[in-house]
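Residue numbers (the numbering used here), protein chains in the order written: chain A, 1 to 314; chain B, 315 to 734; chain C, 735 to 1220; chain D, 1221 to 1570. For glycine and all other residues, C-beta sits at the position ideal for the given N, C-alpha and C. See structure below.
Written out as structure tokens, the structure is:
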């Protein structure tokens, strides 16, 4: 593999990073937004449709963010205000948004439209090897780097991030400490949804330009799997995204020798997710990782304790 | 359409404020396919005299606006019914992934219900279904495009189905031209082929591409055959079905990353040219050759070296006419280009439209190549040709028969990639 | 600082959890709030923490009326609550825990500084960088206290703080509380542990069934306090004949522990048809003993024999097969299945070997049991629609006709008198037909009236076993309170 | 009063979904009358169409029956898609390998498919009970693994001669085709299997001790355990039975619809069945009409596309609107009820 191949891995993982980090943020707050595959599709469609109509990629990206933000709001509203099971709402929205994207996007199928333009970063792009991989990309890719770092920093190194983790971990205790649990859950669910939407729009405006039915290629489900694989830790989630990109390339390279297996490799994140969970749930591993602080947490990657549970203070 | 209202629906606009742009920015690129955005299936026509206009049923494997294989068929059908002032009944996206609850026999039944006079199943993937349907309706004219069930000499002859015909274009020529164009323009001599699934048809098409490329690389440019790399990757279906196939966008990107400068697409959709356009606009010197549909270069004109395409209109018209005249019987037709003008919409089933990416010098060389194919002075399916594993396919000076080409069992020596 | 509560009232449906509770705590005062489980202590704590809102009543802090509509407001007004389970987030470090929820915009540097300052002042040993999951419960409390002080708590309310900590930790906690009171802090110490309240508090308010039963300065005689905490006299006095059945089971030097609760070195012998009452303050080990005998908590030491057969290795399902039966205190959560009808419960409880249920039979059986157990409900009623008394009757109705051994927590807690009387008349019939019964209760009258023997628990140990016919309520109160007299 | 309130909410939800659906129809310029007419005609207009509607009904009934079992045990078995696939793979194996009369082959296909689905379900169950992997994520993951398996088989060991396509395998021999009534495509045998499965599930859950214990486990596993139920064993049994029934949907898809193995053999029916079961509020009897209605919409979608040129996703949007509004509205109603009850019990968090 040469630098160009690594550059592809980085570029093709970008939508996945937005979606997976977005969902990580949401789940950290204790809300599970299962609608990812549908909302990414809908965002990919609206993002492209708006960009195509207005000619502005920026507006397209914003539209994509807003779309999934609204879908996420429905999840939050259903789960928090209406007290409906979040899993149920998420699954229904997945189906609904998928079909809606196909229906409303009918007119935009495979039209050539605007896309995010490449923008190499001066100086940095000349770093040997890494320059080509990391800095001869486009602004979306740079933003994904920023998102990884900022979300990591926000969650683990700020006061507000502590509150975020607290409401996903022990909402009743957080509430008793004076944290407005449900308001924050709304906020982070919608925020995470917006990043999911950015992931969708990044698909139709960059990674796989244009719109067609089912355009995001199961990336919503893959993002959900990667959140778990990544142990709800932005850095590990991002690693999972890049790993997935790499697996796809490996699959291609394998085709001449093992054509049957190559065809199957793109589903790799799912067994990886399951095996990771089983591995980490093993008693031996748990007691081992408990001994280490930050590193242990990175490896252990436990789910927020109150994930998917609604919190009703009254 | 009420699509501006649709926009109101989209929360996007809540964020953006009111939608300012009210005029439909239908670009020149898409104007030629206005019909594709119209949902109505009845395309023509004022039926003035005939109380019952001719109805053509068309079953497409992908969306009718895929800018590829299915759109080419759709436009062929449109052409035919316009000429006949008939009606077109279309069902698209007929594949198990997109339409799990629709089977070919079911569609055929319904089209017959609607009064279809001729039903055309357009994809290789529909073989089993159309055979089943033809058996159920032995008196309804049907055609399986790309099939061989009506070929008496073929391996899968179904003598018991007298009204199920076959036709297909000799895309081998289109592919040879594509291969030649790629070889002429390529600096690196690294050509990659984005293949769909592997079967007889795709093997012969990719082999034709290779023959065209090698010919122009060695004979026209006078370079050494060993400097030409020709690599095939298959995605597993005619187009991308997430989860079932490899992602053609990723494949195309990886081709470029590994040094390829021309990708020739063999799949129904436009990922290769889209990615090439993206690369080219970022300043890389890469090109692509899409497939199937005349307008495919519009996705990225400057990165396009040309497109070999199907022009189904005349063939559709001819078969429809024979149904109207009561003369339709099952036959197998493998139709070549009209060499006098391969881009004549009324006569040539196979065409090649040169793209903006091709230099004028190379365009001239390509014209010469096309001419030599047309006048019969050049037959690339002539020995000595070996298979990929080194075994002999054709002895020196021996020309391949139709059967040998149609049922191409492997890839040729000099090509890289799996053959089955 | 002084805190004043006036006529706080809170209802949940038909239950009055707090009935016109008034109390005042002056500066430097340590005020005990004593009562058994369900007396209304935790409701009051939740009201003060802003977690739930009172229906009536006023709260005043230093003469200022507080609304306390949210925990935020409670924190902002300087009401600091140390919850029974400290509000610690286990995955996070100590210093992160220190910061979570703080309305202040302090960063880590300030937090480190404040934590070390407060730790030093009170002699806490808290490493700011270790994970909170590595802290003992006592240390978690110290962390919480430090945090509350940092937030500027003026009133400190400690809700059952000693449930899960060791005695050394408790000494340390008490020292801290005294220090704080010495600095003028008002402290409310909520507990069901009489001896701790006596040791620590200046004054005590005793709650029983949502009402104030007494409010007195300490020290005050133990038997007086116990009599105020525990109910007396609601049940009819039906002395029963002494049974002399054959030996059924034997517990020898048995130990077990769960979270929370433990038993140490317990010995108990039970004969057929015998009724043994387990007396003790909440958490003294009665519950753990019952759960260990039922098979939910493994014995770590000792032997548990039934008719000379060692059964300590058997799990709950096996023991069920031997004829054991366990009736939990939390009837809705642990005993009955909400959403299933009485008929379905009956069908669930029968050990019918057939695969298919004959619903007609089940319905008539359910109707029979509803009738026999005087349950106010129909065959289609679901547990959530039944009152506590009827839930308990239903649980008894679902029990096999004559179990070998019945293990029961608080047979009559929360029941109206009629149901309670009924329950005991049924239990006594059972025992007469050979079922041995071991039950825990916080009603001394219940213990002395219905038991043959009473085992008295204190801090996980059975400190005494008395013949119920010879025991008096007063004597029992002293023993439970840890005052050995005999 | 409760029932009345529930009916009021339900009517409200139906009204909302109707209004929203009509809005979408208007948006895509669907002629309302024709669309409504085709909804009925498309599914029931001719004998053939009735047959085809039933053909879609079959997998929906089976997948829903499967989900009723697992939901009763309190499980979110999103892995139902994968179980359908596993059943289809097992049935295809039988169809490809076993020579014999139709009766023998079909019997073995049904048994094989049930076992295949059951094993795939059991895998989700074991991951949940022993591996600590939540059944939702285990199920989703195994769905994709099942897809990977089928793609591997179709393009690899079971591919057609000289072909490497994810299009599907060679059609089965005629002995592995479910028999049909003359002129119709629907197989009465498949319908019978679906109904037998659904009725068995309803019988199992409502009339047997096993079913009762399963439901008790689903509603309150702690209390169920106090009644002497080995709850984790019942969870595994739920996965086995549910998976097996889902596997039967795979059998009918392979043997009665496609007559071969294709990668998308499940047809998304498992996912659709989740919506059906949510709508039916996990009750078997309600599954029958709702699944029929969903099949009707699926057939109508085809007719809408064919005759009115409407987009094929329209039917799905309407289904989605319906389920979303009913689940949100009814969930709200239930939440209120729950809150009232929890107040009565004084059962608060902390």
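For residue i, would you say it is in contact with chain B, using Cβ-to-Cβ distances shorter than 8 Å as the test?
| i | result |
| --- | --- |
| residue 1239 of chain D | no |
| residue 214 of chain A | yes |
On a CA-only basis, which of the options is nearest residue i? Give me that one, please.
| i | options | result |
| --- | --- | --- |
| residue 876 of chain C | C:888, C:889, C:895 and C:863 | C:895 |
| residue 665 of chain B | B:673, B:671 and B:650 | B:650 |
| residue 103 of chain A | B:730, B:377, B:612 and B:564 | B:377 |
| residue 316 of chain A | A:8, A:233 and A:258 | Since the first and last residues shown for chain A are 1 and 314, residue 316 of chain A lies out of range. |
| residue 487 of chain B | B:428, B:518 and B:374 | B:518 |
| residue 856 of chain C | C:815, C:867, C:819 and C:915 | C:915 |
| residue 792 of chain C | C:1061, C:992 and C:800 | C:800 |
| residue 1151 of chain C | C:1126, C:1168, C:1131 and C:1137 | C:1126 |
| residue 954 of chain C | C:1128, C:938 and C:1103 | C:938 |
| residue 684 of chain B | B:613, B:552, B:557 and B:534 | B:534 |
| residue 212 of chain A | A:72, A:55 and A:98 | A:98 |
| residue 435 of chain B | B:662, B:654, B:602 and B:630 | B:630 |
| residue 472 of chain B | B:442, B:682, B:482 and B:427 | B:442 |
Beta-carbon of residue i versus every beta-carbon of chain D: anything under 8 Å?
| i | result |
| --- | --- |
| residue 726 of chain B | no |
| residue 89 of chain A | yes |
| residue 106 of chain A | yes |
| residue 720 of chain B | no |
| residue 336 of chain B | Model confidence at residue 336 of chain B stands at a pLDDT of 33, short of 50, so the residue's coordinates are unreliable; what they give is reported in the following sentence. No - not a single Cβ of chain D is within 8 Å of the one on residue 336 of chain B. |
| residue 270 of chain A | yes |
Output yes or no for whether 8 Å exceeds the beta carbon distance between residue i and residue j.
| i | j | result |
| --- | --- | --- |
| residue 382 of chain B | residue 606 of chain B | yes |
| residue 375 of chain B | residue 248 of chain A | no |
| residue 1170 of chain C | residue 1007 of chain C | yes |
| residue 849 of chain C | residue 822 of chain C | no |
| residue 782 of chain C | residue 813 of chain C | yes |
| residue 1015 of chain C | residue 928 of chain C | yes |
| residue 432 of chain B | residue 403 of chain B | no |
| residue 320 of chain A | residue 115 of chain A | Shown here, chain A extends from 1 to 314; a query on residue 320 of chain A therefore has no answer. |
| residue 80 of chain A | residue 182 of chain A | yes |
Is the Cβ of residue i closer than 8 Å to any Cβ of chain A?
| i | result |
| --- | --- |
| residue 776 of chain C | no |
| residue 783 of chain C | yes |
| residue 442 of chain B | no |
Between residue i and the ligand SAM, is the CB less than 7 Å from at least one heavy atom?
| i | result |
| --- | --- |
| residue 1231 of chain D | Among the components of this structure there are no ligands whatsoever, and the ligand SAM is therefore not found. |
*Any contact of the segment 512-522 of chain B with the segment 393-406 of chain B, i.e. 3+ C-beta pairs under 8 Å?*
no
_Every unbroken beta strand (DSSP E) within the segment 1085-1154 of chain C, with a cutoff of 3 residues, ordered by chain_ = 1139-1143
*Just checking, does the segment 992-1008 of chain C make contact with the segment 1194-1204 of chain C on the three C-beta pairs under 8 Å criterion?*
yes
*Check whether the segment 1404-1414 of chain D touches the segment 1467-1480 of chain D, taking contact to mean three or more Cβ pairs, one atom from each stretch, closer than 8 Å.*
yes
*Just checking, does the segment 1173-1180 of chain C make contact with the segment 1083-1098 of chain C on the three C-beta pairs under 8 Å criterion?*
no
*Report yes or no: do the segment 490-505 of chain B and the segment 666-676 of chain B share at least 3 C-beta pairs separated by less than 8 Å?*
yes
*Hey, is the segment 1379-1398 of chain D in contact with the segment 1496-1503 of chain D, meaning 3+ C-beta pairs nearer than 8 Å?*
no
_Any 3 or more C-beta pairs closer than 8 Å across the segment 1277-1288 of chain D and the segment 1452-1468 of chain D_ = yes
_As an exercise, report each continuous alpha helix (DSSP H) stretch of at least 4 residues that is fully enclosed by the segment 560-638 of chain B, in chain order._
562-571, 585-595 and 627-638
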